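Participant:
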Amino acid sequence: MNPLKNKLENIIRISTDYDFEDIIKLSGDIIRNLEKESYIEIFVCGRFKSGKSSFINSILNESILPTGVIPVTGVITNISYSEKDEFTVCFNDGSSQKIYRNELYDYITEEKNPSNIKNVEYVDIKIPFDKDFKEIKFIDTPGFEYSSVHSDITSSVISGVELGIVCISFDSPLSENDIKLINKLKKHTPTISLVITKVDLITLDDRKKVIDFIKNKLNDIKIFEYSIKENLARENLIKNLLVPVIKNKSDFKNRIMAYKVNSIENYLISCLKTLISIKTKEKNELDRFKEEFSKLLLRFEDFKKDIKAIVLNDYFRLREEILKIFLNHANIHKEFKKEIYDKLYNSSDLFDMSQNYEKTFKTMLSKKISDIYEIEKGKIIKILEKENLKIYNMSEDFIKTILTEANKILNTDIRFLPIEKPEIRLNIPKLKIFSAFDIHIELLWFLIPTFIPQFKKYIIRKIIKNIEFEVEKNLTRTAMEISESLKNNIEENCKSMTADIDYRFKTIKNLHSSRDLNTDKIEKEINSLEQRDKTRS
């Protein structure tokens with residue numbers, strides 16, 4: 446049996462005894478991922494113009510990724526080995542599209558896809574390269590200082606990182622944002638390396654100064670000098686970083702997973718130690734804890750109300766934004782008046798006229814609205830992403846504050862884990878056209894023949910005049926349905942995040958509950974968990 450799975454099941458067993466629901470959930474999520482066979486994922490990140498894409502091209506000996514002096518990479522790009530070329534664009538709405546190599550830059554570059562207006566979630570590139578690297582998937586990310594959109598894209602995939610490579614250019618050796626990124630990576634993986642690019646542009650003495658400067662700031666990270674013009678630098682990085690990982694893939698992946706499991710285990714140990722600590726407290730101290738915790742719960746209830754109010758308030762703004770997007774296309778009625786006029790004029794009677802109008806109008810407008818949605822889908826997704834990110838940041842800030850205060854109240858140092866960012870998917874309802882023939886016509890009119898030219902023209906003018914209203918009405922209804930779908934998506938993510946926070950609160954509550962706990966048993970559990978770590982280390 447997988448020892449990590451064994452360890453997680455033990456964590457779940459202990460957590461179940463004390464109702465630590467968040468630990469149970471986190472452990473269950475990792476167990477589900479343990480058996481999956483996958484690539485070694487190497488996350489390559491850094492500021493724009495740091496040489497990330499050039500670095501990957503150089504390692505693979507393939508000019509596959511765009512490079513330049515301006516920000517180039519616009520979306521997440523995965524590169525893995527295959528016997529033949531295969532390029533797949535995966536979109537934010539869950540759809541995907543096969544493309545040719547010469548179309549690649551249309552989706553992954555900032556020039557051809559500015560601010561990701563084409564709504565690309567990521568691009569999968571599978572190409573033949575050195576078979577020694579076929580166990581590796583390189584993940585190229587947008588430069589995180591170029592725009593907030595690119596920074597959010599890069600942040601969204603950090604949680605799955607196994608090996609992190611942070612690229613920095615020699616002319617800007619280390620920034621505060623670089624350090625923040627490295628610290629963020631450390632929460633998810635113990636294997637992070639720093640690659641200093643473009644070193645061929647400086648002297649050996651200056652290289653040493655740059656290296657020494659970085660080592661003083663980051664003394665626990667491997668540092669590699671790199672230049673796409675110096676083959677020795679490439680060979681050194683491959684030999685000392687990539688080859689050991691590839692040769693020991695199973696051990697490497699287990700080490701990464703163990704890192705995540707140990708974080709959960711440390712969280713559990715800190716909770717168990719808190720149980721013992723609280724057990725020794727006087728009744729008046731426990732009462733104070735309960736009183737303070739009740740206040741935290743009230744704040745949580747207020748927070749949930751605030752979030753609901755914000756979502757509702759933002760919904761009205763969001764709805765207006767979506768409506769404006771669609772009504773900007775209201776002049777489409779001009780595009781099919783002529784065809785509708787011809788259909789109506791060739792009708793034999795008013796009933797036939799109404800049927801032709803309904804059928805033609807619905808068919809044409811349905812196609813037009815679908816086209817509008819495809820054109821504007823990028824803007825709609827950005828609205829959704831922006832709102833979800835806002836709610837996530839609020840939730841993250843709230844739980845950090847609450848957990849800090851909980852530790853203060855309990856006089857402990859519980860190693861709470863951060864809440865997970867929910868996956869965002871755009872679920873758009875099937876677009877449909879509502880009843881188009883709303884013109885009130887008396888039943889008697891159906892008995893009147895339309896061969897009288899003046900009468901026929903009068904009726905046609907009346908119908909044609911109404912088309913503009915019908916178009917605007919259906920565009921508005923479509924915008925309202927899409928807005929409602931976005932609202933539902935945001936509300937679901939709010940529920941997910943508040944449920945995650947609620948798990949933390951339940952753990953805190955169970956820490957200071959008045960249950961009759963067996964201190965000896967808890968100490969044995971702690972010793973058992975800590976002893977396992979000592980045995981493995």
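Start counting the sequence shown at 446; every next residue gets the next number (the numbering used here).
Glycine included, C-beta positions come from ideal geometry on N, C-alpha and C.
Owing to the predicted nature of the structure, the values given are computational and were not obtained by experimental measurement.
Between the region 527-537 and the region 568-581, do three or more beta carbon pairs fall short of 8 Å?
Facilitator: yes
Participant: If you count every other CB in all the chains shown that lies within 10 Å of the CB of Phe861, and 16 or more means buried, which is it?
Facilitator: buried
Participant: Taking its Cβ as the centre, do 16 or more other Cβ atoms sit within 10 Å of Arg949, making it buried, or is it exposed?
Facilitator: buried
Participant: Taking the alpha-carbon positions, what's the Ile714 to Ile847 distance?
Facilitator: 20 Å
Participant: If you draw a straight line from the C-alpha of Lys579 to the C-alpha of Lys692, how long is it?
Facilitator: Going by the C-alpha atoms only, they are around 12 Å apart.
Participant: Within this structure, are the beta carbons of Ile468 and Leu453 separated by less than 7 Å?
Facilitator: Taking 7 Å as the cut-off, the beta carbon of Ile468 is found no closer than this to the beta carbon of Leu453.
Participant: Is the number of C-beta pairs between the region 714-726 and the region 952-968 that are closer than 8 Å three or more?
Facilitator: Contact holds: three or more Cβ-Cβ distances are below 8 Å.
Participant: Could you compute how far the alpha carbon of Thr461 sits from the alpha carbon of Ile701?
Facilitator: 25 Å
Participant: Have a look at Ile767 and Glu780 and give me their C-alpha separation to the nearest angstrom.
Facilitator: 22 Å
Participant: Which one or two residues does DSSP pair with Ser614 in a beta bridge?
Facilitator: Thr642
Participant: Between the alpha carbons of Glu929 and Val756, how many angstroms are there, rounded?
Facilitator: 12 Å
Participant: If you drop the 5 nearest sequence neighbours on each side, which residues of the same chain put their C-beta closer than 6 Å to that of Thr849?
Facilitator: Sequence-distant partners of Thr849 (beyond 5 residues in either direction) whose C-beta falls short of 6 Å from its own C-beta are missing from its chain.
Participant: Quick one: measure Cβ to Cβ for Ile953 and Glu710, integer angstroms, because I've assumed they're closer than 8 Å.
Facilitator: Contact doesn't hold; Cβ gap of about 19 Å is too wide.
Participant: Checking 7 Å against the spacing of the C-beta atoms, do Ile627 and Val611 come in under that value?
Facilitator: yes
Participant: Alpha carbon to alpha carbon, what distance is there between Lys824 and Val554?
Facilitator: Correcting the residue identity first, residue 554 is Thr in this sequence and not Val. Cα to Cα, the separation comes out at about 18 Å.
Participant: Who pairs with Thr533 in a beta bridge, going by DSSP?
Facilitator: Lys543, Asp569
Participant: Report the rounded CA-to-CA distance for Ile777 versus Arg492, giving the unit in angstroms.
Facilitator: 43 Å
Participant: Going by beta carbon distance, what residues of the same chain come within less than 8 Å of Leu772, once the five residues before and after it are set aside?
Facilitator: Glu917, Leu920, Thr921, Ala924
Participant: Just to confirm, are Ile641 and Phe658 a CB contact at a threshold of 7 Å?
Facilitator: no
Participant: The beta strand (DSSP E) that contains Thr725, what's its start and end?
Facilitator: Where Thr725 is concerned, there is no enclosing beta strand (DSSP E), given that its DSSP letter is neither H nor E.
Participant: Does Phe669 come out as helix, strand or coil in the three-state DSSP assignment?
Facilitator: strand
Participant: For Glu670, count neighbouring Cβ atoms within 10 angstroms of its own Cβ and tell me buried if that reaches 16, exposed if not.
Facilitator: Its Cβ being crowded by 16 or more others within 10 Å, Glu670 is buried.
Participant: For Asn729, count neighbouring Cβ atoms within 10 angstroms of its own Cβ and tell me buried if that reaches 16, exposed if not.
Facilitator: exposed
Participant: May I have the straight-line CA-CA distance separating Ile666 from Leu731, to the nearest angstrom?
Facilitator: Spanning the two alpha carbons is a distance of roughly 44 Å.
Participant: To the nearest angstrom, how far is it from the Cα of Glu675 to the Cα of Ile501?
Facilitator: 14 Å
Participant: By how many angstroms is the C-alpha of Lys662 removed from the C-alpha of Ser620?
Facilitator: 10 Å
Participant: Could you work out which residue in Tyr550, Leu974, Ile946 is closest to Lys470 when comparing CA atoms only?
Facilitator: Ile946
Participant: Classify Tyr463: buried if its beta carbon has 16 or more other beta carbons within 10 angstroms, exposed otherwise.
Facilitator: buried
Participant: Who pairs with Tyr526 in a beta bridge, going by DSSP?
Facilitator: Ile572
Participant: Return the first residue and the last residue of the beta strand (DSSP E) that Asp585 is part of.
Facilitator: 581-585
Participant: Using C-beta distances below 8 Å, list every residue in its chain close to Phe734, excluding the 5 sequence neighbours before and after it, in chain order.
Facilitator: Ile723, Lys726, Ile854, Leu855, His957
Participant: Per DSSP, Leu608 forms a beta bridge with which residues?
Facilitator: Ile487
Participant: Enumerate in chain order the residues of its own chain whose CB-to-CB distance from Glu975 is below 6 Å, with the five nearest sequence positions on each side excluded.
Facilitator: none
Participant: What's the C-alpha gap between Asn963 and Leu717?
Facilitator: 11 Å
Participant: Take Asn838 as the anchor and find which of Asn938, Leu549, Ile814, Thr808 has the nearest alpha-carbon.
Facilitator: Asn938
Participant: When burial is assigned at 16 or more other CB atoms within 10 Å of the CB, is Asn537 buried or exposed?
Facilitator: buried
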